[in-house]
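Chains as they are written, first to last, in my numbering: chain A, 1 to 114; chain B, 1 to 291. Beta carbons are placed, not taken as given, at the ideal position from N, Cα and C, and that holds for glycine. What follows is one structure encoded as structure tokens, with my remarks underneath.
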Amino acid sequence: MNETHSPAAPEAEIAPHDDHDVSKHVTKYLLVGGVLLLFTLLTVFLSYINFGSHKANMAIGMLVATFKAGLVAAIFMHLSSERKLIYRVLIFTVFFVFALFWLTYLHWYDPVIR
Amino acid sequence: MDIPYTNAARPDTGLYNAKIGIWLFLASEVMLFGGLFSAYIFLRLDALPGHWPHGLLNVPVGTMNTAILIASSVTVVLAWAALKMRQFARYKVFMGITILCGVIFLVVKLAYEWPDKFHHFGAYIREDRLEKYEQYLGNHHLLEKGLEPRIEITGHLHNHEALHDPNIHEYEVQLDQVNADPTNPSSDRPHFWPLAKSDKIAHIAKEDVVHAEMFVPKHNTFFATYFTITGLHGLHVLGGVIVFTYFWLPIGANLYKRNPEHLANRVEVAGLFWHFVDLVWIFVFPLFYLL
């Protein structure tokens, strides 16, 4: 499946994290946790500011949430350095979930109710 | 027979098997929550003016629960890191904190937030009777400011029996601030700190009401989606807590003695699930509590 890793490749090369790596990452995890907490407060704060329309507030709120979700996925879930196979699974997931949202969007053009 | 590739990576995928398993499972979870979120978008975009309530959930409590869940995501990844560095005592501490955070989250949700809604009453006023209750709704004021109308009166129901007894013809409601003083500009937008109930009592005739009940799922589409999504999310938190507790008990220590890397991998996989649960909440919190 993944030609870059032949069966003969040594164990250390296959395992994504060795112990040395992990101790370095601990500070990063704490830092990301701090950033996530800070951005939670920011989300709350921004929601009480009137950005002109409710749509604008919604867009800003979702932008911050997406950034936070990205941090969780990239750092805590190690997606910033993962094997190809996992990315392949996720590409399909993203495709199908957007297809699902697209169905909702289509309802705006439903001739029966509009 | 041994289960293959619990530790070592499978040569063709470069991953130990459970990791592929959990990611496939999470992919299906994305579709599950994706379906519910698309239902949310669908219902919200089609809600008529005034039909999507704002400011009915407790924002400080929601913020606290968000922080608790984020903290638990940090501690679970630290628990995994401790196992990778072969520091079992440290693992026990961080995993213990993670479990505690999950339990606090659930307790706040089930013992405070949900019951608080079940004790809150709301009555949707018939369109042709809105004028009669103008003193509680303040729609002239809202119209002037170009804001969405109010069609619901909320508060604490004094005569609970009115919900079931057809011989009682009105609801006696101790009003929420927003209905007690509806033209106050500070009520135009939701507050961060929930306001205390007013002393003002309103009598709402049943014949003026479209429907009235406690804030249960059937009360409106907002609460229907709120209880469905937070309920399913809560079940996920419960599932995570059970799995983490299993790894925290002596069974985890035994596995650690036999094969520490195997325990580390199990914790990593359970952690991936936990981060996903956190990730869902990162969207739930602003969508229901804030926006």
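1) Just verifying my parser: in three-state terms, what is the DSSP assignment at S6(A)?
2) Output the distance between the C-alpha atoms of V94(A) and R86(B), rounded to the nearest integer angstrom.
3) In the DSSP assignment, what are the bridge partners of Q174(B)?
4) For E127(B), name the three-state secondary structure that DSSP assigns.
5) Using the Cα positions of A69(A) and L279(B), report the straight-line distance between them to the nearest angstrom.
6) So what does DSSP say about A47(B), is it helix, strand or coil?
7) If I measure Cβ to Cβ from P194(B) and keep anything under 6 Å in the same chain, skipping five residues before and after, which residues do I get?
8) Taking C-beta pairs closer than 8 Å, name the residues in chain B that G33(A) reaches, listed in chain order.
9) Look at V74(B) and G33(A) and say whether their C-beta atoms are less than 8 Å apart.
10) If you compare alpha carbons, which of I97(B), F276(B), W23(B), H119(B) is closest to L56(B)?
11) Is F42(B) close to chain A? Criterion is C-beta to C-beta, closer than 8 Å.
12) What residue from L110(B), V210(B), W80(B), G34(B) has the CA that sits closest to W102(A)'s CA?
13) Please list, in chain order, the chain A residues whose beta carbon lies closer than 8 Å to that of F192(B).
14) Taking 8 Å as the threshold, find out whether the segment 265–280 of chain B comes into contact with the segment 25–39 of chain B through three or more Cβ pairs.
15) Does the beta carbon of I14(A) come closer than 8 Å to any beta carbon on chain B?
16) Would L263(B) pass as an interface residue toward chain A - the criterion being a Cβ-Cβ separation below 8 Å?
17) Is the CB-CB distance between A71(B) and M95(B) below 8 Å?
18) If we cut at 8 Å on Cβ distances, does L142(B) have a partner in chain A?
19) Could you check the C-alpha separation between L15(B) and N259(B) for me, to the nearest Å?
20) Which one of F25(B), E148(B), D181(B) has the shortest CA to CA distance from H54(A)?
Here's the rundown:
1) Looking up residue 6(A) in the first sequence gives position 6. Any answer about S6(A) is weak, because its pLDDT of 41 lies below 50 and its placement is not dependable; what the coordinates show is given next. DSSP places S6(A) in coil when its eight states are reduced to three.
2) Position 94 of the first sequence holds residue 94(A). Position 86 of the second sequence holds residue 86(B). Roughly 36 Å between the two C-alpha positions.
3) Taking the first residue of the second sequence as 1, we reach residue 174(B) at position 174. Paired residues: H156(B), I201(B).
4) The residue you call residue 127(B) lines up with position 127 of the second sequence. DSSP places E127(B) in helix when its eight states are reduced to three.
5) Translated into the one-based positions of the first sequence, residue 69(A) becomes position 69. Translated into the one-based positions of the second sequence, residue 279(B) becomes position 279. Distance between the alpha carbons of A69(A) and L279(B) is about 5 Å.
6) The residue labelled residue 47(B) in the question sits at position 47 within the second sequence. Note: A47(B) maps to coil in three-state DSSP.
7) Stepping through the second sequence from its first residue, residue 194(B) is reached at position 194. These residues qualify, in order along the chain: N58.
8) As a working mapping, residue 33(A) is identified with position 33 in the first sequence. Simply I70, A71, S73, V74.
9) By one-based count along the second sequence, residue 74(B) stands at place 74. By one-based count along the first sequence, residue 33(A) stands at place 33. In this structure, G33(A) lies closer than 8 Å to V74(B) by Cβ.
10) The residue you call residue 56(B) lines up with position 56 of the second sequence. Closest option to L56(B), Cα to Cα, is H119(B).
11) As a working mapping, residue 42(B) is identified with position 42 in the second sequence. It does: the Cβ of F42(B) has a partner Cβ on chain A nearer than 8 Å.
12) Within the first sequence, residue 102(A) is the residue found at index 102, counting from 1. Taking only the C-alpha atoms, the option nearest W102(A) is G34(B).
13) For this step, residue 192(B) is matched to residue 192 along the second sequence. Going along chain A in sequence order, the residues near F192(B) (Cβ under 8 Å) are V44, Y48.
14) yes
15) If you number the first sequence from 1, residue 14(A) lands on position 14. Residue placement at I14(A) is flagged as unreliable, the pLDDT there being 41, under the threshold of 50; a coordinate-derived value is accordingly withheld.
16) By one-based count along the second sequence, residue 263(B) stands at place 263. Cβ-Cβ to chain A under 8 Å: no for L263(B).
17) Here residue 71(B) refers to the residue found at position 71 when the second sequence is read from its first residue. Here residue 95(B) refers to the residue found at position 95 when the second sequence is read from its first residue. Against a cut-off of 8 Å, the Cβ pair of M95(B) and A71(B) comes out as no contact.
18) Locating residue 142(B) in the second sequence gives position 142, counting from the first residue. False, the Cβ-Cβ gap to chain A never drops below 8 Å.
19) By 1-based counting over the second sequence, the position of residue 15(B) is 15. By 1-based counting over the second sequence, the position of residue 259(B) is 259. About 18 Å.
20) As a working note, residue 54(A) is residue 54 in the first sequence. Selected option, being the one with the closest Cα: E148(B).
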